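Participant: Respectively, the protein sequence lines represent chains L and X. The first sequence runs contiguously to residue 396 in my numbering. The second sequence runs contiguously to residue 507 in my numbering. Backbone N, C-alpha and C define an ideal beta-carbon position, used for all residues, glycine too. Just so it is clear, the structure is predicted and the values come from calculations on it, not from any experiment.
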Amino acid sequence: MNTLIPRDEQDAASIVADAAARRTPLNLCGNGTKAAMGRPNQTEASLTSAALTGITLYEPAEMVISARSGTPLAEVVESLAEKGQQLPFEPMDYRLLLGSRGEPTIGAVAAMNISGPRRIMAGAVRDSLIGVRFVNGRGEVVKSGGRVMKNVTGLDLVKLMAGSWGTLGFLTEVTFKVLPKPERMSTLLIRGLDDESAVAALSAALGSPFDVTAAAHLPAPDRQGARTLIRLEGFSVSVDYRLGELRRLLKRFGGADILEGRGAEAVWQALRDASIFQDRGERAVWRISTAPTKGPALVARVAETIEAQWFYDWGGGLVWLATPAEGDLGAAAIRAATSALGGHATLVRAPDADRSRLDVFEPQAEAVMVLSRGIKASLDPAGILNPGRMYAGI
Amino acid sequence: MSIAFPTPDEAVLSRRNEILAGLGRLVAPEALIVTEDERRAFETDGLTAYRQMPLAVVLPSSTQEVSAILRFCRENGVKVVPRGAGTSLSGGAIPQADAIVLGVAKMNRVLDVDFENRVAHVQAGITNLAISQAVAHEGFFYAPDPSSQLACTIAGNIAMNSGGAHCLKYGVTTNNLLGVTMVLLDGTVVELGGAHLDSAGYDLLGLVCGSEGQLGIVTEASVRILRAAEGARPALLGFERVEDAGACVAAIIAAGIIPVALEYMDRPAIQICEAFAHAGYPLDVDAMLIVEVEGSDQEIDDMLRRIVAIAEPFRPKTVKVSQSEAESAAIWKGRKSAFGATGRVADYICMDGTIPTGQLPQVLRRIDEIAKSYGLGVANVFHAGDGNLHPLVMFDSSKPGEMEKAEAAGEDILKLCVEVGGCLTGEHGVGIEKRDLMPYQFNAVDLEQQMRVRGVFDPGWLLNPAKVFPLEGRFAA
């Protein structure tokens, strides 16, 4: 397959305009570390942001950073860390799960709305993304939002671009608001809870005034091995105070240990990256978002018919589920559970053939699909940008 | 009075009786307002300098009624101006002569509160404050708090993506909205989002939030509710120079502190508010910050100590750390009365641009110069942490031409905000007020793309069509 590597935004615009004129579908990508996600699409050429690199603006005192879309995520993370700051939404790294190599780009993080454990309190990518520049399917350069935190000027196309998987435009520059890195991170660990009690504990913690920044539960075959994790971040004095209060609040769920330092960081990184499901592809991996207290019931329904492993993030509202890579990979059971209990499931890891024949994303109501097709046509009338990567026809 | 309304459609005006009869078949008689006296209550909103009498006002009680009304309006080519409580400061709810007003204020019930999942499901006509009141008994609240929160509806908040004084920590409406039930122009009812986080497919919820009533009518909303902090207390810092206050804001942020509120007042604003509220503000400083932090008493003490230490190098002339609820209330009283107090000494228009906070001193100087060049005064009270300015351009409406001068000064100020890297509106919305300034922030391609997306929902420009997009350069999608 032919790979097109624009040198700059104008170059990208000409390539897209040319492809639109010839109705040549393009596969939009960064460095391809997540090529094995979404619906496989049939394209003649790839358009990559690989050469659109560099941080274009960073004002720590204004908590804002802009970078060209092909800038490695790692470079953004490091630049922020130098000034004691971080991306609020804690983007996951899919490389372990997908077994891919290369440098994930900041543009893909935006395009796929990749948010990790802190999403529960600090919002998703779409909440921190305050400005974009992109090339639409006509080959026009469009901007939306800007570099200031509060901006309600005009229709919010930034939100549309976040999580549209390159089907609406080729991002060339993204601007985020950022947060200070906390002085200290500490995690409360409660052992031995079943899923229902664990989510009750997480709900109690998240419903407390103590600013929990992550809340997860890792079940174990032997219940004693189950771990429920509640993370606090901030100034040390404040973290100490809140640890004490939360321990008191959660006493009925059993005693809690405190995890700090490298070990605790590694645990949260493993949860963020779902790396416990790393294998040689024997299992399919699903990511399901639902109301937190519905998480255990949803899992129970699926586990009635499918042999599955799972864990919870976002206080129970994000279920990571691994199913045997055979038959429908559990799709029917999972879709039945989300329609009964609310929420949506994404097939994150599966062979190409399975991602072609099964719905990767939650099927939408027809009225919503009508709007989605309209929006696709309004940005990409020739249908050349990542066609079919999310849903057939958009 | 420089903002033009589109020319009313004579064909629609001449069919008024027929249209009223049609609407009368869809809702109860008391839900349809037709007499001139009663319609007058809806002729303007918070931007009172502009007013237009609508064809009629209809106040439906259910999603089904909204659906029937919109389908009727689409079939009959009747324009629709959605309205919450009519508190828009940008004229977002001002009617048009050939449009009906569709008000959602009757749909104001709390449908369900789920504390475990931290979500409240409400009808869209409920007031912002009523949501917080409905969950307060469990110590929860709804975070975005526009200063009109006693009156404004969540429907209007969603339309305008409203902010408030606490968004530095808690975000604006779009960050606290989980789902909506929305009626499209053809009467179709769609559910976007829900009690879960993020959605499959395109972020239509994010697109709808802030779309100023141009994509559909929201009848129900699921919003995130949060447990309130144990306490909150402010410190007041007065500075001799504007530059010092600006640098202090930057230093607080750079130290990794996100105060829950970080408010700025300049000398004229301090003088006006102190004379009105007797809040104990220093009268000998050019700039004042109110910095509020949250937590337990111990956490608050620790944080305020840090803030005072950070401020030290900028030689604050006044440092007052609140030690009690009474002192906190006094500090906030002045700030919260800013608009009312200014209204007692002058007429004013309130602008709403956002700037990169690093530009603060320079922009404030230039705002002052702009006002002076029109022979007007200006007072500044605003959210310093996020750069959202609210210059109050003061004038005397009894003097011919002064209102126009104030509008012109306001325009210059907003253009300045864009010029330094900011935007026309941080939280009040474009409405009609800033509609004609849109080309200063967006080029033709940007605006056309927005209009194309808008056109997916309303190709015939029937939904709130006088707003947001300049009248020139529009096209049927």
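So what's ASN138/L in DSSP terms, helix, strand or just coil?
Facilitator: Three-state result, ASN138/L: coil.
Participant: Using the DSSP secondary-structure output, state which residues sit across from ARG254/X in a beta bridge.
Facilitator: In DSSP, ARG254/X forms a bridge with VAL149/X.
Participant: With burial defined as no fewer than 16 other Cβ atoms inside 10 Å of the residue's Cβ, what is the status of PRO182/L: buried or exposed?
Facilitator: Buried, because 16 or more other Cβ atoms sit within 10 Å of the Cβ of PRO182/L.
Participant: Taking the alpha-carbon positions, what's the ALA302/L to ILE308/L distance?
Facilitator: Cα to Cα, ALA302/L sits roughly 10 Å from ILE308/L.
Participant: Could you tell me which whole beta strand (DSSP E) segments of length 3 or greater appear in the stretch 380-466 of chain X?
Facilitator: Entirely contained in the stretch 380-466 of chain X, the beta strand (DSSP E) runs reaching 3 residues are, in chain order, 407-413, 421-425.
Participant: Taking only beta-carbon positions, decide if MET381/X is within less than 8 Å of chain L.
Facilitator: False, the Cβ-Cβ gap to chain L never drops below 8 Å.
Participant: Hey, is ARG149/L's beta-carbon within less than 8 Å of any beta-carbon in chain X?
Facilitator: Answer yes: the Cβ-Cβ gap between ARG149/L and chain X drops below 8 Å somewhere.
Participant: Within 10 Å of its beta-carbon, does GLN328/X have 16 or more other beta-carbons around it, so buried, or fewer, so exposed?
Facilitator: With fewer than 16 other Cβ atoms within 10 Å, it is exposed.
Participant: In whole angstroms, what is the alpha-carbon distance linking ALA409/X and PRO500/X?
Facilitator: Their Cα atoms are separated by approximately 29 Å.
Participant: Leaving out the 5 sequence neighbours to the left and right, which residues in its chain are closer than 7 Å to GLY319/L when beta-carbon positions are compared?
Facilitator: Counting only Cβ-Cβ distances below 7 Å, and skipping sequence neighbours, we find SER291, THR292, ALA293, PRO294, GLY297.
Participant: Which residue comes first and which comes last in the beta strand (DSSP E) that contains GLN479/X?
Facilitator: No beta strand (DSSP E) contains GLN479/X, which is instead part of the alpha helix (DSSP H) from 474-487.
Participant: Can you give me the start and stop residues for the alpha helix (DSSP H) that SER341/L sits inside?
Facilitator: Run containing SER341/L: 333-343, per the alpha helix (DSSP H) assignment.
Participant: Run down chain X in chain order and give the residues with a C-beta less than 8 Å from the C-beta of ALA393/L.
Facilitator: For the sequence presented, residue 393/L should be read as Tyr rather than Ala. Neighbours of TYR393/L on chain X, chain order: GLY231.
Participant: Could you list which residues in chain L have their beta carbon closer than 8 Å to that of CYS239/X, in chain order?
Facilitator: The contacting residues are ASP158, LYS161.
Participant: For my contact list, LEU30/L and LEU387/L are in at a C-beta cut-off of 8 Å; report their separation, rounded to the angstrom.
Facilitator: The pair is a contact, with the Cβ atoms about 6 Å apart (cut-off 8 Å).
Participant: With burial defined as no fewer than 16 other Cβ atoms inside 10 Å of the residue's Cβ, what is the status of GLY165/L: buried or exposed?
Facilitator: Buried.
Participant: So what's TYR200/X in DSSP terms, helix, strand or just coil?
Facilitator: DSSP places TYR200/X in helix when its eight states are reduced to three.
Participant: Quick check on this structure: which residue in LYS109/X, PRO38/X, LYS464/X has the alpha carbon closest to the alpha carbon of LEU119/X?
Facilitator: Closest by alpha carbon: LYS464/X.
Participant: So with CB distances below 8 Å, who are the chain L contacts of THR455/X?
Facilitator: Ordered by position in chain L, the residues that pass the 8 Å Cβ test against THR455/X are ASN153, VAL154, THR155.
Participant: Any contact of the stretch 304-320 of chain X with the stretch 206-215 of chain X, i.e. 3+ C-beta pairs under 8 Å?
Facilitator: Contact fails: fewer than three Cβ-Cβ distances are below 8 Å.
Participant: I'd like to know whether the C-beta of VAL460/X is nearer than 8 Å to at least one C-beta of chain L.
Facilitator: Yes - at least one Cβ of chain L is within 8 Å of the one on VAL460/X.
Participant: Please go through the same chain and pick out, in chain order, the residues whose beta-carbon is closer than 8 Å to the beta-carbon of GLN126/X, but skip the five residues on each side of it.
Facilitator: Counting only Cβ-Cβ distances below 8 Å, and skipping sequence neighbours, we find PHE35, PRO36, PRO38, GLN82, PRO84, LYS109, VAL111, PRO495, ALA496.
Participant: With a threshold of 8 Å between beta carbons, is ALA280/X in contact with chain L?
Facilitator: Yes, because at least one Cβ of chain L sits closer than 8 Å to the Cβ of ALA280/X.
Participant: Between the alpha carbons of GLU432/X and LEU170/L, how many angstroms are there, rounded?
Facilitator: About 47 Å.
Participant: Do you know how far the Cα of VAL111/L is from the Cα of MET94/L?
Facilitator: Answer to the nearest angstrom: the Cα atoms are 9 Å apart.
Participant: In the DSSP assignment, the alpha helix (DSSP H) including TRP270/L goes from what residue to what residue?
Facilitator: TRP270/L -> alpha helix (DSSP H) spans 263-274.
Participant: Grouping DSSP H, G and I as helix and E and B as strand, with all else coil, what is GLY223/X?
Facilitator: If DSSP states are grouped into helix, strand and coil, GLY223/X belongs with the strands.
Participant: Where does MET163/L fall in DSSP's three states?
Facilitator: Helix at MET163/L.
Participant: Assuming ALA218/L is part of the beta strand (DSSP E), what are its boundary residues?
Facilitator: Element bounds for ALA218/L: 214-220.
Participant: Within 8 Å (strictly less), CB to CB, does GLN392/X reach chain L?
Facilitator: By this cut-off, GLN392/X is not an interface position.
Participant: Would you mind stating whether LEU208/L and ALA218/L have Cβ atoms separated by less than 8 Å?
Facilitator: In this structure, ALA218/L does not lie closer than 8 Å to LEU208/L by Cβ.
Participant: In chain X, what lies closer than 9 Å to GLU92/L by C-beta?
Facilitator: Near GLU92/L there are no residues of chain X at all, since even the closest Cβ is about 14 Å away, more than 9 Å.
Participant: Below 8 Å between beta carbons: does that hold for ILE302/X and MET318/X?
Facilitator: In this structure, MET318/X does not lie closer than 8 Å to ILE302/X by Cβ.
Participant: Against chain X, with Cβ distances strictly below 8 Å, would PHE237/L count as a contact?
Facilitator: Closer than 8 Å to some Cβ of chain X, the Cβ of PHE237/L qualifies, so yes.
Participant: So with Cβ pairs under 8 Å, would you call MET83/X a contact of chain L?
Facilitator: No, its Cβ sits nowhere closer than 8 Å to a Cβ of chain L.
Participant: For GLU322/X, would you say it is in contact with chain L, using Cβ-to-Cβ distances shorter than 8 Å as the test?
Facilitator: GLU322/X does not count as touching chain L.
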